[in-house]
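The structure appears right after this line, and notes come after that.
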Amino acid sequence: MSTIGYENWAVDLASVGAVYPFQGSEILLTILGVAFWIGWHRIQFVRESAHLEEAQKVGNKEKIKEMLEMY
Amino acid sequence: MEGNLNALTTIFTEFYYWVTVVFMFLIHVGFCMYEVGASRRRNHMHTLMKNIMIIPLVTVTFFFFGWWIYWAFPDFPFFGGLNHEMGNANLPWSETMGTNLQDRITGVFWAAFLLFSWTAASIVSGSVIERIRSSALWVHAVLIGSVFWIIDAAWGWHYAGWMVKYLGYHDAYASGVIHAIAGGYALGVIAVLGPRIGKFAADGTPRDIPPHNPWMLTIGIFLIYTGFWGFYAACNVPIISPESIGGQITGTTWTATNIYLAPTSLSAITFNFLMSLSGGLMAAYVVSKGDAFWTFSGGLAGIITASAGNDLYHPIQAMLIAAVGVVIVYKLHFWVERRFKIDDAVGAVAVHGYAGFVGLVISGFVLWGAPSSPFEGYAAINPIGQFLGAVIMFFGLGFLPGWLVAKAQNAAGALRVPEEIELQGLDYAEHHAYEDAKAEIIEADKAHLTAQ
């Protein structure tokens with residue numbers, strides 16, 4: 001049993017099309033992929049918001065003045 | 001692949017696109033260097049990260065839906081609806097969107113378009129440096145890279161696109177379909193985002209914010225030129241038989257074609273690429289009175305202006321059109337900056353957006369009556385079609401969506417970083433562990449020196 005549908009290459013290549021593993025699961029793979037992408041944006045947005053909130057408190061006048069010197 | 005000639009042609013085409021894509025990667029390297037060179041030191045990591053993350057985000061979304069849009073949308077929505085047959089073969093779950101020995105072209109052709117998508121997103125990225133939230137930019141990157149630019153490609157950069165058929169729209173090397181739309185989109189975003197602190201004096205006079213590192217900026221733009229040359233090749237079909245173009249071209253002579261399947265050659269577009277680069281550089285040098293950065297950018301703006309017709313122009317026409325475009329673009333940039341208080345940090349709206357718009361309009365007059373495509377019944381190139389095309393690209397698919405999405409983000413407080421953070425630099429805000437570690441080690445070294 002091969003995940004790609006072929007167990008050896010002694011075949012007529014003219015009849016060979018897709019050779020990736022688990023053919024038939026493409027829609028499920030797409031759903032997982034989209035969830036990964038959307039989930040990434042969510043995690044990034046939440047983390048960035050927390051960072052910025054924290055950084056606003058850190059940014060006292062002295063620190064800002066110091067950073068302004070660094071062009 | 002039946003027969004050795006077909007096999008050879010297919011494998012040559014596969015290799016050809018693969019090479020162009022690798023060259024085009026240099027555009028993104030160039031954008032990264034340019035943006036980091038242009039930004040101030042306290043924003044480098046943020047600038048770099050903002051541009052690097054465009055790569056994965058636009059890639060995965062272009063796989064999920066961008067590529068499908070290109071094939072399904074050429075007639076959508078007014079001229080026959082979605083093309084499900086072509087679209088279905090390019091859905092993420094299609095068998096040809098994976099390792100498939102019957103199809104050696106989809107992957108490399110997909111990648112060539114994808115690299116255009118990165119470019120569209122990167123053009124926007126340059127305009128907004130030093131004040132946008134990363135999360136906001138990355139949403140824009142997905143929208144311009146995997147939705148709006150690829151809709152305009154389906155309409156105006158597909159052999160069966162409705163703008164090509166009915167308007168005679170001709171844009172062989174993407175004056176409009178990459179540059180005008182991305183420039184328009186960037187303008188929409190920065191109109192809402194606002195200028196960097198200090199960009200305008202109290203009386204509204206704009207201040208120059210010079211680049212942190214002129215060398216990086218220079219090498220960056222040269223890498224963009226190099227990648228752009230590869231991009232020109234990627235816009236062609238390298239070799240095709242007349243039968244494959246529906247017998248529209250008579251005889252038996254095989255040819256290279258532009259994206260519309262109309263004959264051209266790599267030699268022709270190489271002449272025109274280099275002559276338009278030269279025209280742009282020379283005009284920019286004169287109009288900017290020798291300003292280095294505007295001169296370099298003028299080379300790029302020159303190519304972009306001539307790109308719409310660079311499959312057909314004579315090299316000297318390409319040079320002159322580039323030069324005229326650059327003068328218009330330069331003047332327009334400073335007029336818009338003063339009039340509307342727009343802070344375009346790298347001049348991307350001008351170099352890409354205005355140059356693309358102007359290039360489309362000029363080509364409508366210079367190529368008036370020429371066939372845009374080999375297919376029978378298609379409208380010929382004409383000034384009205386090109387002008388309408390420019391408006392659709394810059395305003396319809398570029399400025400308007402960018403402005404609307406930025407407005408929504410701004411209303412939700414998710415567009416711009418807080419003022420204190422902008423002043424102290426985005427690197428400290430988002431990467432303060434790195435900055436703190438640096439500060440600590442500098443202090444430790446100083447203490448060590450003092451103790452000796």
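If you're matching them up, the sequences are chains A and B in order. Taking our numbering, the leading residue of the first sequence gets 1, the next gets one more, and so forth. Taking our numbering, the leading residue of the second sequence gets 1, the next gets one more, and so forth. A virtual CB, placed ideally from N, CA and C, is assigned to each residue, including glycine.
Rounded to the nearest whole angstrom, the C-alpha separation of B/LEU320 and B/TRP118 is 29 Å.
In the structure shown, the three-state DSSP call for A/VAL11 is coil. Contact annotation for A/GLY17 against chain B: GLU95, THR96, ASN100, LEU101, GLN102, ASP103 [CB-CB distance below 9 Å, chain order]. From the beta-carbon of B/PHE64, the residues of chain A found nearer than 9 Å are THR30, GLY33, VAL34, TRP37. One Cα belongs to B/GLY81, the other to B/ALA72, and the distance between them is close to 9 Å. By the criterion of a C-beta distance shorter than 6 Å, B/LEU115 is surrounded in its chain by VAL21, MET24, once the five residues flanking it on both sides are discounted. For B/VAL60, the closest Cβ of chain A is nearer than 8 Å. Residues of chain A with a Cβ closer than 7 Å to the Cβ of B/GLU440 do not exist; the shortest Cβ-Cβ separation is about 14 Å. A residue is called buried once 16 or more other Cβ atoms fall within 10 Å of its Cβ, and B/ARG40 is buried on that count. Using beta-carbon distances, B/ARG207 does not count as an interface residue toward chain A, since no partner is under 8 Å.
Beta-bridge analysis with DSSP links B/ILE240 to B/THR255. Per DSSP, the unbroken alpha helix (DSSP H) holding A/GLY33 starts and ends at 26-58. The beta-bridge partner set that DSSP reports for B/ILE132 consists of B/ARG416. Beta-bridge annotation (DSSP): B/ALA380 is paired with B/PRO371. Taking the Cα positions, B/ALA447 is about 10 Å away from B/ILE441. Assigned with DSSP and collapsed to three states, B/THR264 falls in strand. Among the residues facing chain A, B/GLN424 is included, as its CB has a counterpart in that chain under 8 Å away. Taken atom to atom, the span from the alpha-carbon of B/HIS158 to that of B/LYS165 is near 10 Å. Within chain A, the residues LEU52, ALA55, GLN56, GLY59 have their CB atoms less than 7 Å from the CB of B/ILE421, given in chain order.
In this model, B/TYR313 and B/ASN272 are separated by some 7 Å (Cα to Cα). Distances from the alpha-carbon of B/GLY126 to those of B/SER288, B/SER297, B/ALA408, B/SER276 put B/SER297 closest. By the Cβ rule, the segment 352-361 of chain B does not count as touching the segment 374-382 of chain B, because fewer than three pairs are nearer than 8 Å.
For B/LYS50, the uninterrupted alpha helix (DSSP H) segment begins and ends at 44-52. Listed along chain A, the residues sitting closer than 7 Å to B/VAL417 by beta-carbon distance are LEU52.
Residues of chain B whose Cβ lies closer than 8 Å to the Cβ of A/GLU48 are, in chain order, ARG133, SER134, SER135, GLU430. With a cutoff of 8 Å on beta-carbon distance, B/GLY161 and B/ALA154 are scored as near each other. Among the residues of the segment 369-383 of chain B, none has a Cβ less than 9 Å away from any Cβ of chain A. Within the segment 37-52 of chain B, those residues whose Cβ lies closer than 7 Å to any Cβ of chain A are, in chain order, ARG40, ARG41, ARG42. It is roughly 14 Å from the alpha-carbon of A/LEU32 to the alpha-carbon of A/GLY24. Residue pairing by DSSP puts A/ALA18 in a beta bridge opposite B/ASN100. Inter-residue distance for B/PHE365 and B/ASN382 is about 7 Å (C-alpha atoms, whole angstroms). Chain order gives the chain A residues near B/PRO92 as GLU26, ILE27, LEU29, THR30, GLY33, VAL34, where near means a beta carbon separation below 9 Å. Contact annotation: B/TYR428 and B/ARG42 have beta-carbon atoms nearer than 8 Å.
None of the residues of the segment 176-193 of chain B has a beta carbon lying less than 8 Å from any beta carbon of chain A.
B/HIS212 belongs to the set of residues whose beta carbon lies under 8 Å from a beta carbon in chain A.
Look at B/PRO195 here: in three-state DSSP terms it is coil, with no helix or strand label.
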